[in-house]
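The structure appears below as structure tokens.
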């Protein structure tokens, strides 16, 4: 069934299709808005995009020659993770001796990551010395080609630091933290002036209360780079000014910031801001470790259009329990899904997948699955300003898709598993195939 | 004329879908000799379409050799607009069945030359040898297609100005703004419908009761264009109980008895049973 009125259509297809190029995904429940709507989606293997099926039907009088029956499963846009530090033993913040090894490592992560339903993401570099940015950023930029077999696609890097507040460093090494005293020039000297373009750096996390930060933020918005407030002890008022200056995102809400107090709400309080302020989007780690489920629900209730689930997962994602080397000679302990720094109990990122976060989020908040899906598709795409091509099932968008199986466990909790993944219109992962091998 | 009275909208719609399926299957259509079907839009045929889809999906009906002609379309509304009849038909029927896209005909309200578009539409119908079955709904005021009160009973496919009442009524589909409702439509004429070898009119609900009275008990006239079905050699009017409330008791009883006779097989007429 075609979802009447929910899929916008354009007046004319930009090109002529051959039935052999088109795939009809049928018997799906389409994640559209806040509802799962029974329907079909047409995609084009050669353009890698979602097709305006009605217009092609009437004006080109063709139907797709290939039909994939999804058996009533959920069809959602591919998931988007805007904070991922690495995985499968590879770390985006650690340069390798040979540049080729780093390139290979990123490509390996891309191919693994897509199997988790994440089709595009922001590879994240934590606070590092200047040479790290110089060496690693070129391999973390947006790819120039559209190759489905490359796996998950970078939407540009996320530089988390080093312009953070040393009192809220979390696991970032304090010795590399610095204030952006010269505004955008400070950023250029650390990241490299040529890297200050959204194709290379999509987003920068910085502490807005640091000297020079507000000036850097307004320059970044002119460059089209997202400023996210985080690792910060900004007060509510400081955050209010930061948002007025161009901060549109908050990095992992509740973590590495002043905790909300009813007379001093801090960064969290910005979710209740009025005074004509456009409230920022906010990342939140719904791994059942970083934030209590109750506060995830409170945040979403306060500003549902801003919720973006992030994993903040790192290279231990997919590895067994144990002690692992960390950057700058420190160590991280992995116990199940929990990662802690050294022998202490400072939380050090996560090793959770985004679909697990989504499952937790839906169970904790009681929102519909479709509304939950928005927090990992449409909302991050809007935050990045790419909602016309990512995070949506509308015609013209990239055919990056995930097929989810929905089940209810013995405890009555929702379970979500990734059944299939499409990248640029090509099926690149099928859980059923793996099971048959 | 036959008047078929069913208990509720669902049973009436199912009857109509079964009747259409029986006609198509009995016709044994082929690529050379397709079955030609006229189709309406609106809320009335929705359940008919969903039952046709069900019949198709359960393997009892194929549209591979069916050619369709729709009744009408707004002028200047892009075919991809959510309220266009193109969108309606794609959403509620064509996307779910096996009809070839090239067998579907809907008037193009965005054509540069609307008069030529209308003539070409009539010519296309003729090229298939005419319409085998025209399914029609009826407006509360007794109009069929966009042939509103006063339309010529001999009219052909043409451009029509919509009545103010229709504009106001349709504003709910255009963000409640009458100014956004197209003022013109292309529509098949009363004569075009009458040329079909069989006409099936569906009317559901109490607000269609006056139209049903006009169709069944009224005099033939251009004020309720649906009344012209009285002149058709093979017309079926299918209604639910609520749509009979303006009919005389005797009328209802008369048609019920006839149908009971037919159901019993006394008249030897092909019924709508699959």
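Chains as they are written, first to last, in the UniProt record's numbering: chain A, 1 to 437; chain B, 1 to 274.
Every residue gets a Cβ at the ideal spot worked out from N, C-alpha and C, and that includes glycine.
All figures in this text were calculated on a predicted structure; none of them were measured in a lab.
| message | To be precise: take each residue of the segment 51-75 of chain A, compare its Cβ to all Cβ atoms of chain D, and keep it if any distance is under 9 Å. Which residues remain? | response | Considering every chain present, this structure includes no chain D. Its protein chains are A and B.
| task | Could you tell me whether any non-hydrogen atom of the ligand NAD is closer than 8 Å to the CB of residue 4 of chain B? | result | The ligand NAD is not among the ligands present in this structure, which contains no ligands whatsoever.
| request: Compile a chain-ordered list of the residues in the segment 21-55 of chain A whose CB is closer than 8 Å to at least one CB of chain B. | output: 40, 52, 53, 54 and 55
| Within the 9 Å Cβ cut-off, does residue 62 of chain B reach chain A? | Residue mapping note: residue 62 of chain B aligns to position 62 of the second chain, counting from 1. Judged by the 9 Å Cβ criterion, residue 62 of chain B is not in contact with chain A.
| said: What residue range does the beta strand (DSSP E) around residue 349 of chain A cover? | reply: Locating residue 349 of chain A in the first chain gives position 349, where the first residue counts as 1. Per DSSP, residue 349 of chain A belongs to the beta strand (DSSP E) from 347-350.
| Nearest CA to the CA of residue 433 of chain A: which residue from A:425, A:420 and A:426? | If you number the first chain from 1, residue 433 of chain A lands on position 433. Residue A:420 is the option with its Cα nearest to residue 433 of chain A.
| query | To which residues of the same chain is residue 378 of chain A closer than 8 Å at the C-beta, ignoring the five residues directly before and after it? | reply | On the first chain, position 378 is the one that residue 378 of chain A refers to. Closer than 8 Å at the Cβ level, and outside the excluded window around residue 378 of chain A, lie 77, 387, 391 and 392.
| field | Option nearest residue 115 of chain A by Cα separation, candidates A:68, A:354, A:56 and A:272 | value | Locating residue 115 of chain A in the first chain gives position 115, counting from the first residue. When only C-alpha atoms are compared, the closest one is A:354.
| request: Grab me the residues of residue 2 of chain B's own chain with a C-beta within less than 6 Å of its C-beta, minus the 5 sequence neighbours each way, in chain order. | output: Counting from one through the second chain, the residue named residue 2 of chain B turns up at place 2. Excluding residues within five positions, the ones whose Cβ falls inside 6 Å are 236.
| request: Quick one: using the 10 Å Cβ neighbour count with 16 as the cut-off for buried, is residue 224 of chain B buried or exposed? | output: Along the second chain, read from residue 1 onward, the residue named residue 224 of chain B stands at position 224. Residue 224 of chain B is buried by the Cβ-count criterion.
| field | Opening and closing residue of the alpha helix (DSSP H) in which residue 167 of chain B lies | value | As a first step, residue 167 of chain B is located in the second chain; it is residue number 167 there, counting from the start. Residue 167 of chain B -> alpha helix (DSSP H) spans 164-170.
| query | Roughly how far, in whole angstroms, is the beta-carbon of residue 234 of chain A from the beta-carbon of residue 271 of chain A, given that I think they are within contact range, below 8 Å? | reply | Within the first chain, residue 234 of chain A is the residue found at index 234, counting from 1. Within the first chain, residue 271 of chain A is the residue found at index 271, counting from 1. The pair is not a contact, with the Cβ atoms about 14 Å apart (cut-off 8 Å).
| said: Using a Cβ-Cβ cutoff of 8 Å, what residues of the segment 96-107 of chain B are near chain A? List them in chain order. | reply: For the segment 96-107 of chain B, which is checked against every Cβ of chain A, the residues closer than 8 Å are 96, 100, 101, 102, 104 and 106.
| message | Whole angstroms are fine: how far does the CA of residue 113 of chain A sit from the CA of residue 50 of chain B? | response | Here the question's residue 50 of chain B lines up with position 50 in the second chain. Here the question's residue 113 of chain A lines up with position 113 in the first chain. About 41 Å.
| message | Restricting to Cα atoms, I'd like to know which of B:204, B:246 and B:190 is closest to residue 232 of chain B. | response | The residue labelled residue 232 of chain B in the question sits at position 232 within the second chain. Of the listed residues, the one whose Cα sits closest to residue 232 of chain B is B:190.
| message | Among the candidates B:33, B:109 and B:62, whose CA atom is the shortest distance from the CA of residue 182 of chain B? | response | Within the second chain, the letter at position 182 stands for residue 182 of chain B. That would be B:109, whose Cα lies nearest to the Cα of residue 182 of chain B.
| Collapsed DSSP secondary structure at residue 118 of chain B in the structure displayed | Taking the second chain and counting its residues from 1, the one referred to as residue 118 of chain B is at position 118. Here residue 118 of chain B sits in helix by DSSP.
| Opening and closing residue of the alpha helix (DSSP H) in which residue 9 of chain B lies | Locating residue 9 of chain B in the second chain gives position 9, where the first residue counts as 1. Following the DSSP letters along the chain, one finds residue 9 of chain B inside the alpha helix (DSSP H) bounded by residues 9-27.
| field | Proximity to residue 140 of chain A [Cα-Cα], best of A:263, A:33, A:104 and A:163 | value | Stepping through the first chain from its first residue, residue 140 of chain A is reached at position 140. Of the candidates A:263, A:33, A:104 and A:163, the one whose C-alpha sits nearest the C-alpha of residue 140 of chain A is A:104.
| task | Locate the beta strand (DSSP E) running through residue 373 of chain A, then write down its first and last residues. | result | Along the first chain, one-based indexing puts residue 373 of chain A at 373. Secondary structure note for residue 373 of chain A: it is in no beta strand (DSSP E), and the uninterrupted alpha helix (DSSP H) holding it is 369-374.
| task | Select from the segment 148-163 of chain B all residues with a C-beta closer than 7 Å to any C-beta belonging to chain A, and list them in chain order. | result | none
| Do we get a CB-CB distance below 9 Å when we pair residue 56 of chain B with the residues of chain A? | On the second chain, position 56 is the one that residue 56 of chain B refers to. Judged by the 9 Å Cβ criterion, residue 56 of chain B is not in contact with chain A.
| Cβ atoms of residue 103 of chain B and residue 157 of chain B: under 9 Å apart, would you say? | Residue mapping note: residue 157 of chain B aligns to position 157 of the second chain, counting from 1. Residue mapping note: residue 103 of chain B aligns to position 103 of the second chain, counting from 1. Residue 103 of chain B sits away from residue 157 of chain B, with the two beta carbons spaced by 9 Å or more.
| Candidates A:347, A:417 and A:98: closest to residue 369 of chain A by CA position | Taking the first chain and counting its residues from 1, one reaches residue 369 of chain A at position 369. Residue 369 of chain A has its Cα closest to that of A:417, out of A:347, A:417 and A:98.
| Which listed residue (A:431, A:375 and A:361) has its alpha carbon closest to that of residue 414 of chain A | Looking up residue 414 of chain A in the first chain gives position 414. Ranking the options by Cα distance to residue 414 of chain A, first place goes to A:361.
| query | Which word fits residue 349 of chain A, buried or exposed, when buried means at least 16 other C-beta atoms lie within 10 angstroms of its C-beta? | reply | The residue you call residue 349 of chain A lines up with position 349 of the first chain. By the 10 Å Cβ count, residue 349 of chain A comes out buried.
| request: Leaving aside the five residues before and after residue 58 of chain A along the sequence, list all residues of the same chain whose C-beta is less than 8 Å from its C-beta, in chain order. | output: Along the first chain, one-based indexing puts residue 58 of chain A at 58. Within the same chain, residue 58 of chain A has no close Cβ partners at all.
| query | What are the start and end residues of each continuous beta strand (DSSP E) run of 3 or more residues lying completely inside the segment 76-134 of chain A, in chain order? | reply | 79-84 and 118-126
| field | Helix, strand or coil at residue 319 of chain A according to DSSP, with G and I counted as helix | value | Here residue 319 of chain A refers to the residue found at position 319 of the first chain. Residue 319 of chain A: coil per DSSP, three-state reduction.
| field | Cβ of residue 94 of chain B within 9 Å of any chain A Cβ | value | By 1-based counting over the second chain, the position of residue 94 of chain B is 94. At least one chain A Cβ lies under 9 Å of residue 94 of chain B.
| N- and C-terminal bounds of the beta strand (DSSP E) containing residue 44 of chain A | Position 44 of the first chain, counting from 1, holds the residue named residue 44 of chain A. Taken as a continuous stretch (DSSP letters only), the beta strand (DSSP E) holding residue 44 of chain A covers 35-44.
| field | Per-residue DSSP class, three states only, for residue 172 of chain A | value | Translated into the one-based positions of the first chain, residue 172 of chain A becomes position 172. In this structure, DSSP gives residue 172 of chain A a state outside helix and strand, which the three-state scheme calls coil.
| request: List the residues of chain A whose Cβ lies closer than 8 Å to the Cβ of residue 15 of chain B, in chain order. | output: Within the second chain, the letter at position 15 stands for residue 15 of chain B. Per Cβ cutoff of 8 Å: no residues; residue 15 of chain B is ~23 Å from chain A at best.
| Residues of the segment 65-86 of chain B whose Cβ lies closer than 9 Å to any Cβ of chain A, in chain order | Listed in sequence order: 78, 79, 80, 81, 82, 83 and 86.
| request: Tell me whether residue 253 of chain A sits in a helix, a strand or coil according to DSSP, three-state version. | output: Working through the first chain from its first residue, we reach residue 253 of chain A at position 253. Reduced to three states, the DSSP call for residue 253 of chain A is coil.
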